[in-house]
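Student:
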């Protein structure tokens, strides 16, 4: 059964981005060994807190209207963090979901930074 989690208040849903299981020296590490000693984790924002939709049931209305293209109106992002952004967050401030160890709900104030991936050829 699939689940959809909609954060409430100033919160976001983040999926942890896992590093490789090798240390800098090339040794294999057990799963989760790096995360156990880290103070902060890197994650990708998969859902954000939103305002109430303008329609009573946006999914149902969009399904009935054949002329509507794209996503239904789910409300505006009120978290201030874009959907799909990679964020650095405090590990001990995030709440893990019981059915998925890679998902965390966290308050926006515990996000330390938004991390952009920059190709090496663009670095100065």
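Residue numbers (our numbering): 723 to 846.
Using N, Cα and C, we set each Cβ at its ideal position, and we do this for glycine too.
All figures in this text were calculated on a predicted structure; none of them were measured in a lab.
#1: Do residue 770 and residue 825 have their C-beta atoms within less than 9 Å of each other?
#2: Using 10 angstroms around the beta-carbon of residue 816, count the other beta-carbons present and answer buried if the total reaches 16, otherwise exposed.
#3: Quick check: what's the CA-CA separation for residue 846 versus residue 726?
#4: Enumerate in chain order the residues of its own chain whose CB-to-CB distance from residue 736 is below 8 Å, with the five nearest sequence positions on each side excluded.
Tutor: Taking the geometry as given:
#1: no
#2: buried
#3: 42 Å
#4: 765, 766, 767, 768, 809, 811, 816, 825, 826, 827, 828
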